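Asker: Just add 1152 to the spot in the sequence shown (first one is 1) and you have the working numbering. Cβ atoms here follow ideal geometry from the backbone N, Cα and C, with glycine treated the same way. What you are looking at is a predicted structure, and each value in this text was computed from that prediction instead of being measured. Structure in structure tokens, see below.
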Amino acid sequence: MAKNYQLHTLGWKAFQDLCLAVAQECLKRPVQQFLPSHDGGRDGAFVGTWTDSGVTKSSTIQCKFTSNSNSKLTLPMLTDELGKVSRLVQQGLAEDYVLITNHFVSGAAEANIVMAFKKAGATQCRVLSADWLIDQIEQSARLRMLVPRLYGLGDLSNILDERAYEQASMILSSMGNDLKKLVVTEAHRRSVEAINRHGFVLLLGAPASGKSTIGASLAVGAADLWGCLTLKPTSPAELRDRINPNEKQFFWIDDAWGATQFQRSSMDVWNQVLPLIAGALHNGSKFLITSRTYIWSAAKDGLKLGALPLLTKSSVTIHVEKLTADEKAQILYNHLKFGDQGTGFRRKVKTFLPQVAANEHFLPESARRLGSSLLSNGITLTSRGVLDFFEKPSDFLLETVRSLESPNKAALAFLFVSSGKTPSPILDGTELSLASQAFGVSSSAIRNSLNELDETLVLRAHDTNGAYWRFKHPTIAEAFGRLVAQNPELVELYLTGAKPEWLMSEVVCSGMHVKGALVVVPPTYYPLLAKRLAVCDSSSLRSFLSLRASADFSRKLIELRPTLIAEKFSYYRRIADEVGAHFLARMYEFGLLPEENRLTFVKALHDAAIKEADSSVVEKDYLRNILTADEIEELWSNIEV
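In structure tokens form, the structure reads like this:
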């Protein structure tokens, strides 16, 4: 990187993160604790240890940050630090005093500083200036991974080869302007350690807890540190097809087992893929998997975890929402500092920020919204009002979306019916026409609105296929889904324009309750939904009918696809875990399972219990209910024998 590397734009907290990483990575100092400072938090010191001739000694590592790009450090600027040296000597912490700064330091100034600190009692003193720091950044990819804010400060082409540079540029574009707001949390540091040690990390967390931000920084680091080509498969089948045993790859799988709810139908393919992941890890590939915590809780019961033991190791499972109060405070500070709120808003809200940082409902995405005048519209600047903003983020976001002007709503609708992503520039097509007609605006107004909403509700990024638009955060799609569910006209828009596979994972029939479902479809639109879904594969449809469908809708879909019941079923595990068993039981409950098919299923249940010792047949009510009293008696008599 060029020697004018913009360290002065880091901000004091990011600079402290850099100093901590430098102490551990470059100076090989295990840092024990943080020493308090008395200058408003603009610099600080770490206590570490070092080994000299086999003897472990103490050291104080002092951070000195400046926001002036051309500032030169002089001895008078260190008066406060000099005043603390005698106390550090008495505590046995000044055998080695290391000053790390982004100031430039002349040779004469360095000599004066070293002499003064030794005279004050330090056994030895070293001054590591901006030039030294830049050299370390250029030489250490691990250092850059630990402080991903560095990737946004210089020309990546100076340190990355062409392929890695292209990868990093695409990933950084997906972060938008969030990179400069990034706070290196303990979850981030543990993730870096896990991906370095195991080649694998599972990021778990609530929606909006920061999984994607950590994921993006790890992906950039993978391109930098290992030269890995980053791949983002959207299904286990795509992951299976893209694993190349002859190449080191970095796989980033977001929402692995479902975006907003658990996708049971994917379990069979995932269990086929787990051994392939284990083999790829052995060959040097890396894997980052994210999931909402409640979805992972549902998924792990259906996964053959023995095929990939890393999934059960707590050392690679990072619960990203477990933030400290200090981390929350810094996240708030960064989003307000780099947001577009006016001085008056920041002054008024400052009073309530300590309460927010202590609140258990704090989420990084809510902090981002607080820093945006658009996304915090309607907030009441009182203690209760600000806490409600963080405790009820979905409600506030829904009201923000509801209050948008028609062109802006149409822009979100266009993305919504486009499955959340569409190429840029926007071309005319069915989705654009539907959104335009639904809100009575022109296509050009929708295009203008996307630009207007960039970095707030939507984001323009790029990948190997070129530029594209997407929702800034998945929770925005969920908020628009709630708006759609409350408006029958918008439900029709969605059912007409969305892709069938998107409908399969995001809608439920009226009366059904699936956590995370975006749209509830009333009976009026069952014929339209059945027509749209009828083209999907049998396995997915059976899963949908088992978990999301009412009896009335199931009847309509079965009329269009009668072979869903007639096809032959095979069972390979505990029968209660089979999608086919759930489906047949559900159809029996709805009165849609012909007697011939019921008898065939009863034989499968009998064989599972007797031949495979499968206790789930008698443990699960929904399976037992399929059997008549005589069939249950026969089953028990055979089990007793």
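Out of curiosity, what's the CA-to-CA distance linking Lys1474 and Phe1548?
Answerer: Position 322 of the sequence shown, counting from 1, holds the residue named residue 1474. Position 396 of the sequence shown, counting from 1, holds the residue named residue 1548. Spanning the two alpha carbons is a distance of roughly 23 Å.
Asker: Could you check how far apart the C-beta atoms of Val1673 and Cys1661 are, in whole angstroms? I think they sit under 8 Å.
Answerer: Taking the first residue of the sequence shown as 1, we reach residue 1673 at position 521. Taking the first residue of the sequence shown as 1, we reach residue 1661 at position 509. Contact flag correct, Cβ pair sits at about 6 Å.
Asker: Check the DSSP bridge columns for Val1659 and list the partner residues they point to.
Answerer: Counting from 1 along the sequence shown, the entry for residue 1659 is found at position 507. Partner(s): Val1671.
Asker: Consult DSSP for Ala1613 and reduce its assignment to one of helix, strand or coil.
Answerer: Counted from its first residue, the sequence shown places residue 1613 at position 461. Reduced to three states, the DSSP call for Ala1613 is strand.
Asker: Which whole-angstrom value is the C-beta distance of Ala1389 and Phe1414, which I expect to be below 8 Å?
Answerer: The residue labelled residue 1389 in the question sits at position 237 within the sequence shown. The residue labelled residue 1414 in the question sits at position 262 within the sequence shown. Incorrect: roughly 17 Å between the Cβ atoms, too far for contact.
Asker: Thinking C-beta only, is Trp1404 closer than 8 Å to Gly1367?
Answerer: Taking the sequence shown and counting its residues from 1, one reaches residue 1367 at position 215. Taking the sequence shown and counting its residues from 1, one reaches residue 1404 at position 252. Yes, the pair counts as a contact, with Cβ atoms nearer than the cut-off.
Asker: Might you give, ordered along the chain, the residues of its own chain that have their beta carbon closer than 8 Å to the beta carbon of Ala1629, omitting 5 neighbours on each side?
Answerer: On the sequence shown, position 477 is the one that residue 1629 refers to. Closer than 8 Å at the Cβ level, and outside the excluded window around Ala1629, lie Leu1567, Phe1568, Gly1572, Phe1623 and Leu1670.
Asker: Could you tell me how far apart the beta carbons of Leu1355 and Val1538 are, in whole angstroms, since I believe they sit closer than 8 Å?
Answerer: As a first step, residue 1355 is located in the sequence shown; it is residue number 203 there, counting from the start. As a first step, residue 1538 is located in the sequence shown; it is residue number 386 there, counting from the start. About 28 Å; that fails the 8 Å criterion.
Asker: Fully enclosed by the stretch 1303-1367, which alpha helix (DSSP H) runs are 4 residues long or longer?
Answerer: You should have 1314-1327 and 1338-1349.
Asker: Beta-carbon within less than 6 Å of Ala1728's beta-carbon, same chain only, minus the 5 sequence neighbours each way: which residues are those?
Answerer: Within the sequence shown, the letter at position 576 stands for residue 1728. Contacts found: Ser1768 and Lys1772.
Asker: Alpha carbon to alpha carbon, what distance is there between Ala1565 and Ser1558?
Answerer: The count along the sequence shown starts at 1 and reaches residue 1558 at position 406. The count along the sequence shown starts at 1 and reaches residue 1565 at position 413. Taking the straight line joining both Cα atoms gives about 10 Å.
Asker: Who are the near neighbours of Phe1798 in its chain, counting only those whose CB is closer than 8 Å to its CB and skipping five residues on each side?
Answerer: With the chain running from 1153 to 1793 in the structure shown, residue 1798 is simply not present.
Asker: Identify which residue in Ala1613, Phe1696 and Pro1545 has its Cα closest to the Cα of Val1508.
Answerer: Position 356 of the sequence shown, counted from the start, is the residue given in the question as residue 1508. That would be Pro1545, whose Cα lies nearest to the Cα of Val1508.
Asker: Report the rounded CA-to-CA distance for Ala1733 versus Ile1784, giving the unit in angstroms.
Answerer: As a first step, residue 1733 must be located in the sequence shown, where it is residue number 581. As a first step, residue 1784 must be located in the sequence shown, where it is residue number 632. Going from the Cα of Ala1733 to the Cα of Ile1784 covers about 17 Å.
Asker: Check for me: the beta strand (DSSP E) holding Tyr1677 runs from which residue to which?
Answerer: The sequence position of residue 1677 within the sequence shown is 525, counting from 1. Neither: Tyr1677 is in no beta strand (DSSP E) and is coded neither H nor E.
Asker: Note the first and the last residue of the continuous beta strand (DSSP E) segment covering Asp1248.
Answerer: One-based indexing of the sequence shown puts residue 1248 at position 96. Its beta strand (DSSP E) spans residues Asp1248 to Thr1253.
Asker: Would you check if there are 3 or more beta carbon pairs closer than 8 Å linking the stretch 1682-1702 to the stretch 1712-1721?
Answerer: With the cut-off at 8 Å, the stretch 1682-1702 and the stretch 1712-1721 touch.
Asker: With a CB to CB cut of under 7 Å and the five nearest residues on each side skipped, what residues in its chain are close to Tyr1646?
Answerer: By 1-based counting over the sequence shown, the position of residue 1646 is 494. Phe1568, Val1569, Val1636 and Val1671.
Asker: Span of the alpha helix (DSSP H) holding Tyr1740?
Answerer: Within the sequence shown, residue 1740 is the residue found at index 588, counting from 1. Its alpha helix (DSSP H) spans residues Val1731 to Glu1741.
Asker: Which two residues bound the contiguous alpha helix (DSSP H) that contains Phe1568?
Answerer: Residue 1568 sits at position 416 when you count from the first residue of the sequence shown. Taken as a continuous stretch (DSSP letters only), the alpha helix (DSSP H) holding Phe1568 covers Ser1558 to Val1569.
Asker: Ends of the beta strand (DSSP E) at Leu1383?
Answerer: Residue mapping note: residue 1383 aligns to position 231 of the sequence shown, counting from 1. Leu1383 -> beta strand (DSSP E) spans Leu1381 to Leu1383.
Asker: Check the C-beta distance from Thr1373 over to Met1297 and give it rounded, since I have them as a contact under 8 Å.
Answerer: Position 221 of the sequence shown holds residue 1373. Position 145 of the sequence shown holds residue 1297. One point to set straight first is that residue 1373 is Gly, not Thr, in the sequence displayed. The Cβ separation is near 3 Å, so the contact holds.
Asker: Report back the beta-carbon spacing between Arg1700 and Val1666 to the nearest angstrom; my notes put them in contact at under 8 Å.
Answerer: In the sequence shown, the residue the question calls residue 1700 occupies position 548. In the sequence shown, the residue the question calls residue 1666 occupies position 514. With a Cβ gap of about 6 Å, Arg1700 and Val1666 count as contacting.
Asker: Just to confirm, are Leu1505 and Ala1477 a CB contact at a threshold of 8 Å?
Answerer: For the purposes of this step, residue 1505 is identified with residue 353 of the sequence shown, where counting begins at 1. For the purposes of this step, residue 1477 is identified with residue 325 of the sequence shown, where counting begins at 1. Their beta carbons are not under 8 Å apart, which means Leu1505 does not touch Ala1477 by this criterion.
Asker: Would Leu1428 pass as a contact of Leu1455 if the rule is Cβ separation under 8 Å?
Answerer: As a first step, residue 1428 is located in the sequence shown; it is residue number 276 there, counting from the start. As a first step, residue 1455 is located in the sequence shown; it is residue number 303 there, counting from the start. It is not a contact, given that the beta carbons lie outside the stated cut-off.
Asker: Per DSSP, Phe1632 forms a beta bridge with which residues?
Answerer: Position 480 of the sequence shown, counting from 1, holds the residue named residue 1632. According to DSSP, which records beta bridges pairwise, Phe1632 is partnered with nothing at all.
Asker: Excluding the 5 residues flanking Ser1292 on each side, which residues of the same chain have their C-beta closer than 7 Å to its C-beta?
Answerer: Here residue 1292 refers to the residue found at position 140 of the sequence shown. Closer than 7 Å at Cβ, skipping near neighbours: Glu1177 and Cys1178.
Asker: Taking the CB atoms as reference points, tell me whether Lys1333 and Asn1486 lie closer together than 8 Å.
Answerer: Looking up residue 1333 in the sequence shown gives position 181. Looking up residue 1486 in the sequence shown gives position 334. Cβ atoms of Lys1333 and Asn1486: closer than 8 Å.
Asker: Could you check if Lys1755 is buried or exposed, using at least 16 other CB atoms within 10 Å of its CB as the buried criterion?
Answerer: As a working mapping, residue 1755 is identified with position 603 in the sequence shown. Exposed: under 16 other Cβ atoms inside 10 Å.
Asker: Just how far apart, CA to CA, sit Ala1613 and Met1322?
Answerer: Position 461 of the sequence shown holds residue 1613. Position 170 of the sequence shown holds residue 1322. When rounded, the distance between both Cα atoms is 7 Å.
Asker: On the three-state DSSP scale, how would you describe Tyr1446?
Answerer: Looking up residue 1446 in the sequence shown gives position 294. Tyr1446 falls in the helix class under three-state DSSP.
Asker: Am I right that Thr1337 and Glu1479 are in contact with their C-beta atoms under 8 Å? What's the rounded C-beta distance?
Answerer: By 1-based counting over the sequence shown, the position of residue 1337 is 185. By 1-based counting over the sequence shown, the position of residue 1479 is 327. With a Cβ gap of about 5 Å, Thr1337 and Glu1479 count as contacting.
Asker: Which term fits Thr1208, buried or exposed, when burial requires 16 or more other beta carbons within 10 angstroms of its beta carbon?
Answerer: In the sequence shown, the residue the question calls residue 1208 occupies position 56. Exposed: under 16 other Cβ atoms inside 10 Å.
Asker: If we count the other Cβ atoms within 10 Å of its Cβ and call it buried at 16 or more, is Met1419 buried or exposed?
Answerer: Counting from one through the sequence shown, the residue named residue 1419 turns up at place 267. With 16 or more Cβ atoms within 10 Å of its Cβ, Met1419 is classed as buried.
Asker: Judging by CA-CA distance, which residue of Asn1560, Phe1742, Glu1512 and Arg1499 is the nearest neighbour of Leu1533?
Answerer: In the sequence shown, residue 1533 corresponds to position 381, counting from 1. That would be Arg1499, whose Cα lies nearest to the Cα of Leu1533.
Asker: Hey, Asp1492 and Ser1443: beta-carbon distance below 8 Å or not?
Answerer: Residue mapping note: residue 1492 aligns to position 340 of the sequence shown, counting from 1. Residue mapping note: residue 1443 aligns to position 291 of the sequence shown, counting from 1. No, the pair does not count as a contact, with Cβ atoms beyond the cut-off.
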